[in-house]
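Single-structure report; data block below.
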Amino acid sequence: MEDSVSKIIEEVSPFYGDAKKYKREPVEAEKHELTYDSTSETLEPVYFWIVDYMNSLFERDVKKLIDNFSSSPGSGHFSELGMRATRMQEEGMKILGAVNTVLKSILNLIYDLKEFEIRISHYTSANSKNKDEAEAGFLALKQIWMDNVDVKRGRGSINMMAQDLNFVTLRDAFMIARSVGEVEKMDLNDRVKRILKPRLKEFFEWKTRSEIELKKRFEIEKSYLKSQLNSLQLYTRWAKPYLIAAERLRMQEMGQAPDLVNVFNTIVLQLTLFAKEEIKIDELVLDSDVPREFGKKGRFKRKYYKCVLVDFVFRGIPQRVSGQQAHYVFGGRTDVSFRGYCLNEDELKLFDEGLKKSDIEDALKLVEGVTTESLDQLKGDIDYFLKSDAEKAKEEEKKRKSIDINPFSALFGFYSEKVAQRKENKEKAHLEKLKKKGAAGDNYAEKLIRNIGEGKAAESCFNIFDTYKKAHGMPSHPAPEEEYKKSFGEF
5 MEDSVSKIIE EVSPFYGDAK KYKREPVEAE KHELTYDSTS ETLEPVYFWI
55 VDYMNSLFER DVKKLIDNFS SSPGSGHFSE LGMRATRMQE EGMKILGAVN
105 TVLKSILNLI YDLKEFEIRI SHYTSANSKN KDEAEAGFLA LKQIWMDNVD
155 VKRGRGSINM MAQDLNFVTL RDAFMIARSV GEVEKMDLND RVKRILKPRL
205 KEFFEWKTRS EIELKKRFEI EKSYLKSQLN SLQLYTRWAK PYLIAAERLR
255 MQEMGQAPDL VNVFNTIVLQ LTLFAKEEIK IDELVLDSDV PREFGKKGRF
305 KRKYYKCVLV DFVFRGIPQR VSGQQAHYVF GGRTDVSFRG YCLNEDELKL
355 FDEGLKKSDI EDALKLVEGV TTESLDQLKG DIDYFLKSDA EKAKEEEKKR
405 KSIDINPFSA LFGFYSEKVA QRKENKEKAH LEKLKKKGAA GDNYAEKLIR
455 NIGEGKAAES CFNIFDTYKK AHGMPSHPAP EEEYKKSFGE F
């Protein structure tokens, strides 16, 4: 576990990477180790003391990178955690069943609303003052009426009468007529007129009523869509804690690790903490640690950070504590490793990408896909139907204003969404370049900052290690000399 994280750092950083590859002397990170073996003392006090102290040193910028555990199959802890995980999985899958049902309902509602919108557009066109648009709307509605309403008469429908009973002019006359009164002016025989008049009257009645009902149903379906969306969001919130808990209760496969014997009552815990703090160049100049020229704006394109990596490996014996709700305490051996690094922001970006690619940070990817991606895919359609015309107009106005046409606005710090998007694309392109070519090596000035950062990281690393020992009555020794002072001396 410890090697997996430190190996990623060595892969992304030329400073800590393969010495032969970069043709330089090998560089090893500052490292201190602490072993605490007591069957009566538990891991929690050790872990939380170090977490709290690191938070005080690094302004609470401490992240947990790894949290793995594994119990021997024959232990009671293994069976109890297995039952808890199964319970979480069952509850999560039960709620996911409801999520799938609601999601299907939302898909059907969106499809229906799109169909309603197309149909309503025909009514809008038919009522238009534009002659051509109104005619197109009327023809579309008449076609819908013949296909869905009149067709139910069977052989008495307009289409069947024109086809089978030789009323060849009936269909064309129906499509042309704009009112019942126009029928008398048409050059048709009386038999066709007698059939056409009641059909036209029925069509206009259907047009009026169906428009009202369709718009009413459109609004009802939109309200129902909103209700189903709220239900989906609620169900996903309910499901997520169960799925996350089930994933976190999943034991890590440790192969043939000698610490785990099948029938022993043993548990192995693996934890990794990572903390970082930016190295402030201005402060180094004030302290005369670097030349004054280093303080000029734009002198450094990359920020540098002192970083501390703390690994815990705990092997213990789970002991069940009886009470209102039984739980376990763990006494045993704790091995803590402290490492200090100095990394620049390019190396940290590659480090984050390395964690994502490895098996270290894959625990919750499936959960995120189940609970959030479905809504993201439907977001455009949902917003389109649920947002009012006023909200849509407001968004359009905001988007229009965001397109900044003033060439001097950038001088005063006004940045539009377009500029922000350009910046985001630039960062993505830079990350892709880093993935292909890796982080560039340090120039002379950066080497000095790197060495100072190395010294500060070593100091913080030793500080955590040494303070813990002193706080718990263990023997200590003086701190090592800062590396950058060995190499460069004082300024």
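Those letters in the sequence shown? Residues 5 to 495, per our numbering, in order.
For every residue, glycine included, the Cβ atom is placed at its ideal position computed from N, Cα and C.
Report the rounded CA-to-CA distance for residue i versus residue j, giving the unit in angstroms.
i, j, result
"Lys-133", "Ala-140", "12 angstroms"
"Thr-471", "Pro-479", "11 angstroms"
"Asn-266", "Trp-242", "36 angstroms"
"Ile-122", "Asn-234", "26 angstroms"
"Lys-280", "Leu-61", "10 angstroms"
"Leu-273", "Tyr-51", "12 angstroms"
"Leu-247", "Glu-34", "39 angstroms"
"Leu-107", "Asn-348", "45 angstroms"
"Glu-15", "Asn-72", "23 angstroms"
"Lys-11", "Ser-292", "34 angstroms"
"Leu-204", "Ala-130", "15 angstroms"
"Pro-285", "Arg-454", "The sequence shown places Ile at residue 285, rather than the Pro named in the question. Approximately 11 angstroms, taken between the alpha carbons."
"Phe-342", "Met-58", "12 angstroms"
"Ser-76", "Ile-271", "6 angstroms"
"His-481", "Lys-300", "39 angstroms"
"His-81", "Thr-43", "17 angstroms"
"Ala-166", "Glu-188", "20 angstroms"
"Pro-18", "Thr-240", "43 angstroms"
"Glu-282", "Glu-94", "45 angstroms"
"Ala-249", "Met-92", "7 angstroms"
"Glu-32", "Asn-447", "20 angstroms"
"Asp-116", "Ala-394", "23 angstroms"
"Gly-344", "Tyr-20", "11 angstroms"
"Asp-56", "Glu-45", "19 angstroms"
"Tyr-388", "Lys-118", "10 angstroms"
"Gly-160", "Asn-193", "18 angstroms"
"Met-97", "Asp-385", "27 angstroms"
"Lys-68", "Ala-89", "22 angstroms"
"Glu-63", "Gly-477", "26 angstroms"
"Phe-208", "Ala-138", "14 angstroms"
"Ile-3", "Asp-41", "Only positions 5 to 495 of the chain appear in the structure, and residue 3 is not among them; the question remains open."
"Pro-322", "Lys-473", "26 angstroms"
"Pro-262", "His-331", "26 angstroms"
"Leu-438", "His-126", "54 angstroms"
"Val-103", "Pro-245", "14 angstroms"
CB residue i to CB residue j, shorter than 9 angstroms?
i, j, result
"Ala-461", "Val-312", "yes"
"Lys-211", "Leu-169", "no"
"Leu-113", "Leu-229", "yes"
"Asp-350", "Ala-443", "yes"
"Arg-195", "Phe-171", "yes"
"Ile-468", "Val-314", "yes"
"Phe-222", "Phe-142", "no"
"Val-155", "Asn-163", "yes"
"Gly-78", "Asn-269", "yes"
"Val-66", "Leu-277", "yes"
"Ala-74", "Glu-257", "A quick correction: the sequence has Ser, not Ala, at residue 74. It is a contact, given that the beta carbons lie within the stated cut-off."
"Leu-288", "Phe-298", "yes"
"Leu-85", "Leu-218", "no"
"Gly-320", "Leu-47", "yes"
"Ile-70", "Val-9", "yes"
"Phe-316", "Glu-450", "no"
"Lys-307", "Ser-464", "no"
"Phe-466", "His-36", "yes"
"Leu-382", "Leu-111", "yes"
"Glu-458", "Cys-346", "yes"
"Glu-215", "Ile-124", "yes"
"Val-294", "Ile-456", "yes"
"Gln-512", "Ser-109", "Any property of residue 512 remains undetermined from this structure, which presents the chain solely from 5 to 495."
Going by DSSP, name the residue or residues bridged to residue i.
i, result
"Arg-254", "Beta-bridge pairing links Arg-254 to no other residue."
"Asn-72", "Gln-274"
"Gly-477", "Looking at the DSSP assignment, Gly-477 forms no beta bridge with any residue, so it has no partner."
"Val-312", "Ala-279, Gly-344"
"Tyr-523", "No information on residue 523 is available, as it lies outside the stretch 5 to 495 that the chain covers here."
"Arg-306", "None; Arg-306 has no bridge partner."
"Thr-338", "Tyr-40, Phe-318"
Which runs of the beta strand (DSSP E) spanning at least 3 residues fall entirely within the region 274-299, listed in chain order?
Taken in chain order, the region 274-299 contains no complete beta strand (DSSP E) segment of 3 residues or longer.
Is it a yes or a no for the region 331-338 touching the region 346-358, going by three-plus beta-carbon pairs under 8 angstroms?
They do not touch, by the three-pair rule.
Which residue spans inside the region 116-160 form an unbroken alpha helix (DSSP H) run of at least 4?
Runs of the alpha helix (DSSP H) inside the region 116-160: 135-152.
Cβ contact (3+ pairs, closer than 8 angstroms) linking the region 198-207 and the region 175-182:
A contact between stretches requires three or more CB pairs, one per stretch, nearer than 8 angstroms, and the region 198-207 meets this requirement with the region 175-182.
Entirely within the region 35-108 and at least 3 residues each: give me those beta strand (DSSP E) ranges in chain order.
List check, beta strand (DSSP E) in window: 66-75.
Any chance you could list the beta strand (DSSP E) runs of at least 3 consecutive residues sitting entirely within the region 220-269, in chain order?
Taking only runs of at least 3 residues, no beta strand (DSSP E) segment lies wholly in the region 220-269.
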